[in-house]
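Here's the structure we're looking at; comments come further down.
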Amino acid sequence: TQLLEQSPQFLSIQEGENLTVYCNSSSVFSSLQWYRQEPGEGPVLLVTVVTGGEVKKLKRLTFQFGDARKDSSLHITAAQPGDTGLYLCAGGKAGGTSYGKLTFGQGTILTVHP
Amino acid sequence: DAGVIQSPRHEVTEMGQEVTLRCKPISGHNSLFWYRQTMMRGLELLIYFNNNVPIDDSGMPEDRFSAKMPNASFSTLKIQPSEPRDSAVYFCASRQTANYGYTFGSGTRLTVV
Numbered sequence: 005t006q007l008l009e010q011s012p013q014f015l016s017i018q019e020g021e022n023l024t025v026y027c028n029s030s031s032v033f034s035s036l037q038w039y040r041q042e043p044g045e046g047p048v049l050l051v052t053v054v055t056g057g058e059v060k061k062l063k064r065l066t067f068q069f070g071d072a073r074k075d076s077s078l079h080i081t082a083a084q085p086g087d088t089g090l091y092l093c094a095g096g097k098a099g100g101t102s103y104g105k106l107t108f109g110q111g112t113i114l115t116v117h118p
Numbered sequence: 007d008a009g010v011i012q013s014p015r016h017e018v019t020e021m022g023q024e025v026t027l028r029c030k031p032i033s034g035h036n037s038l039f040w041y042r043q044t045m046m047r048g049l050e051l052l053i054y055f056n057n058n059v060p061i062d063d064s065g066m067p068e069d070r071f072s073a074k075m076p077n078a079s080f081s082t083l084k085i086q087p088s089e090p091r092d093s094a095v096y097f098c099a100s101r102q103t104a105n106y107g108y109t110f111g112s113g114t115r116l117t118v119v
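Chains A and B, in that order, give the protein sequences. Residue numbers for the first sequence follow my numbering, so the first one is 5 and each next one is one higher. Residue numbers for the second sequence follow my numbering, so the first one is 7 and each next one is one higher.
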C-alpha cells in the first residue's frame, strides 16, 4: 500500500506569514494532486503535477513535484484567513492494479488568524 | 454543471438498520469513486467504477458494505446492517479520464447510534 505522509499535521499562523506543507512517500507516482477542503464540503482540486521537478503557481500558491516524483510541496505566500482549510495531497499511479485511483495523505489543517 | 450530487447530506440511523447513500456523477465522467473520511483514518477509498464496472473494491471494509452503479448517472453505497463504527462522512467523486482530477460531492455525514 502506498503511503503519503503530510507534514505538518496542524499549522496555525498569522495573516501575512508564509508557509510550506510537505507530502512525502517512498513510492513513485505518475501524478500528484493537491486538494483543499472546507468544513462540510468535499475536497476541491487545486493543481495536478505530472513531471519530476515541475513547478506550478496558482496566485499565492506554489506547488512543486520532486525530481524523483516521490514528494511534493505546497508553499503559500502571505497567507490570508481565506486560505484556512484542510490541504490534502494525493498520488496516482500509471499502471497495474493501482491505475486510476488516488491515494490521499492524512492532510494538513491550516488556520490563518486575522 | 451541477457537480457531483450526493444524498442525503445527513443520515442518523440506529444500529442494525440498512443505510443507502446515493450519488449522481457529473455527466460525461466515466469513473466514480466512493471514499470514507474520518479523523482517525483520513480519506479511504472504498470502491471505484470505470464505465459502470467495479474495478477495485479492496477498500470495502466488510460484506456489510456493497456498491452498485446500474448506469452512468447513478450509484449507491449500501450498508446492511449498520454499526456505530460506520459513522463517518462518505464522499462520492467522479472523474473524466485518468489525467484529470476528481470532482467530489459534498458528502453524506452518517451517524449510527
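Glycine is no exception: its CB is placed at the ideal position from the N, C-alpha and C atoms.
- Contact with chain B is absent for A:E58, since none of that chain's Cβ atoms lies less than 8 Å from the residue's Cβ.
- Close CB contacts of A:V54 within its chain, under the 6 Å cut and outside five residues either way in sequence, are with S35 (chain order).
- Going by C-alpha positions, A:L78 is about 7 Å away from A:Q68.
- Residue environment for A:K105: buried (at least 16 other C-beta atoms within 10 angstroms of its C-beta).
- Here DSSP, grouped into helix, strand and coil, assigns A:G86 to helix.
- Within the stretch 23-38 of chain B, contact with chain A at the beta-carbon level (separation under 7 Å) is assigned to S37.
- Any Cβ of chain B closer than 8 Å to the Cβ of A:T88 would place that residue at the interface, and such an atom is absent.
- Sequence-distant Cβ neighbours of A:F33 in its own chain, meaning closer than 8 Å and more than five residues away, are Q6, R73, K74, G95, G96, K97.
- The beta carbon of A:I80 lies closer than 7 Å to those of N22, L23, R64, L65, D87 in the same chain, with the five residues before and after it left out.
- Excluding five sequence positions before and after B:E50, the CB atoms of its chain that fall closer than 7 Å to its own CB belong to Y41, R42, G65, given in chain order.
- Taking 8 Å as the cut-off, the Cβ atoms of A:T52 and A:Q41 do not count as close.
- Residue contact with chain A for B:Y96: absent (no Cβ-Cβ distance below 8 Å to any residue of chain A).
- Counting only Cβ-Cβ distances below 9 Å, B:F110 has contacts in chain A at Y39, Q41, E45, G46, P47, V48, L49, in chain order.
- Here A:G89 has R40, Q41, E42, L114 as same chain residues with Cβ atoms under 7 Å from its own Cβ, once five neighbours each way along the sequence are excluded.
- Cβ contact annotation for B:E20 (same chain, cutoff 7 Å, sequence separation greater than five): V119, in chain order.
- For B:L83, the CB contacts under 6 Å within the same chain, skipping 5 residues up- and downstream, are L27, W40, A73 in chain order.
- Around the CB of A:T107, 16 or more other CB atoms lie within 10 Å, so the residue is classed as buried.
- Interface with chain B (8 Å Cβ-Cβ cutoff): A:Q68 is excluded.
- Contact annotation: B:M75 and B:L116 have beta-carbon atoms that are not nearer than 8 Å.
- Looking at the backbone, the Cα of A:S76 and that of B:E24 are separated by about 41 Å.
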